[in-house]
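The opening position of the sequence shown corresponds to residue 1 in the UniProt record's numbering, with each subsequent residue numbered one higher. Just below is one structure, and these are the notes that go with it.
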Amino acid sequence: MPLIEDILDVLGKAKLFSTMDIASGYWNVPMAADSIEKTAFTCKYGLFEWLVMPFGLCNAVPAFERLMENVLVDLKWRTCLVYLDDCVVFSEDFPTHLIRLKQELERFRAAGFKLKMKKCKWGRDQVAFLGHIVTPSGILPNPEKVKAVMNVKRPHDLHTVRAFLGLTSYFRRYIPGYAAISAPIERLKAKGVLFNWDDDCEAAFVQLKRKLVEPPILVYPDFSKHFKLYVDSSKLAVGACLMQTVDGRERVVAYASKLLVGSEKNWINKQDGTSEIECWGIVWATRKFRCYLDRREFDLYTDHKGLTWVFSETNRTSNAKLARWAMELSQLRFKGLPQSGHFNGPRGRSLPTLFGHGLRSLYVGPTQ
1 MPLIEDILDV LGKAKLFSTM DIASGYWNVP MAADSIEKTA FTCKYGLFEW LVMPFGLCNA
61 VPAFERLMEN VLVDLKWRTC LVYLDDCVVF SEDFPTHLIR LKQELERFRA AGFKLKMKKC
121 KWGRDQVAFL GHIVTPSGIL PNPEKVKAVM NVKRPHDLHT VRAFLGLTSY FRRYIPGYAA
181 ISAPIERLKA KGVLFNWDDD CEAAFVQLKR KLVEPPILVY PDFSKHFKLY VDSSKLAVGA
241 CLMQTVDGRE RVVAYASKLL VGSEKNWINK QDGTSEIECW GIVWATRKFR CYLDRREFDL
301 YTDHKGLTWV FSETNRTSNA KLARWAMELS QLRFKGLPQS GHFNGPRGRS LPTLFGHGLR
361 SLYVGPTQ
């Protein structure tokens, strides 16, 4: 299955979009003769078998995705994108858009596909696709999906907690410090923990909803421009913000955050615990955004001045974990830029708003 992030990144230079939805998607796949009997089910009218692929089979999703990719094999990623039965055609101008639409519709006709016309949108400057609103200037959450989150009632058991976190987690790239905000609710999922919806859970519940009401417009990554990676860590979570300069302004490409879990929590009370957590934040962030940062120079910012020695060429640390991470980071081409005061983020927000902590001093890392 293609990653949704990869699909959205490809739409960067497009000005026009058309979305199509395949009617009766899975039913376009005939069942193999020796598999028909395995789909048998019973009802009050008797025993029946599926002749076409139904929902619920363990390999149904990859089988249908493979079919769609075979139909659009030489068009996907160049003129159109497909995720199961959802397709989007994109272009920079109207004449090109018509040509690309014709190509895709001819492929669908040859494959015997039919479209749900009520769900199709043609030649729009913004469309809803995979839970996001896609525009020429960037992406933002689909208001209908956000409305669904806003209408969720307060969780009352483990099942509803998981449902709420599943809804909000889909939009975590829009929410700075999502992991830290949702931590009180996440704790309710731990094995052996009694369900107790306290004030911290209620505050997190309200804050997550509020963050989605006015989310930032995330810009598409431009690989011809310089990336900036801001990283911050705490005893609770690590967070990162990938940014680029667009029209003279710092704009957010994506937010990312992660709770410290399992053995990672043991670093808190160690002698080198602070350095390990801060270094882990950088390692995790560069892994998360590796597809944007690999083989290109970027600026890396952190508020932990003590990490300067970890990345120096004369590093002689006895901490095996830091040495291993320093070796991994040495493969990347990054540098830090000294900056006093707070970083002004999108819409004039300071870094404490982005991560909950301020940038106090930045270091210079290796440049290869």
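All C-beta atoms in this analysis are idealised placements derived from N, C-alpha and C, irrespective of residue type, glycine included.
Item                                                                                                                                  : Value
Under 8 angstroms between C-beta atoms of Pro-136 and Ala-14                                                                          : yes
Proximity to Arg-333 [Cα-Cα], best of Arg-162, His-226, Ala-320                                                                       : His-226
Given 8 angstroms, three or more beta-carbon pairs between the stretch 222-240 and the stretch 148-160                                : no
Of the residues Ile-175, Thr-19, Ser-224, the one placed nearest Phe-298, counting alpha carbons only                                 : Ser-224
Cβ-Cβ separation, Val-252 to Leu-218 (assumed contact under 8 angstroms), whole Å                                                     : 6 angstroms
Separation of Asn-151 from Leu-362, as counted between CA atoms                                                                       : No answer about Leu-362 holds up, because its pLDDT of 27 lies below 50 and its placement is not dependable.
Anticipated Cβ contact below 8 angstroms, Tyr-292 with Pro-221, distance rounded                                                      : 6 angstroms
Leu-16 and His-132 closer than 8 angstroms at C-beta                                                                                  : no
Beta carbon of Lys-321 nearer than 8 angstroms to that of Glu-278                                                                     : no
For Gly-138 and Ala-190, the rounded distance between their alpha carbons                                                             : 36 angstroms
Unbroken alpha helix (DSSP H) run spanning Ser-275, endpoints                                                                         : 273-288
Cβ-Cβ separation, Leu-167 to Ala-148 (assumed contact under 8 angstroms), whole Å                                                     : 7 angstroms
Unbroken stretches of the beta strand (DSSP E), 3 residues or longer, contained in the UniProt domain "Reverse transcriptase" (1-134) : 16-21, 41-43, 46-48, 80-83, 86-91, 121-124, 127-129
Element boundaries [beta strand (DSSP E), containing Tyr-178]                                                                         : That residue, Tyr-178, is in no beta strand (DSSP E); its alpha helix (DSSP H) goes 178-186.
Three CB pairs or more closer than 8 angstroms across the stretch 106-125 and the stretch 18-25                                       : yes
Given Ser-257 as reference, the closest of Leu-188, Ala-204, Trp-325, Ser-169 once Cα atoms are compared                              : Ser-169
Tyr-174, DSSP secondary structure in three states                                                                                     : helix
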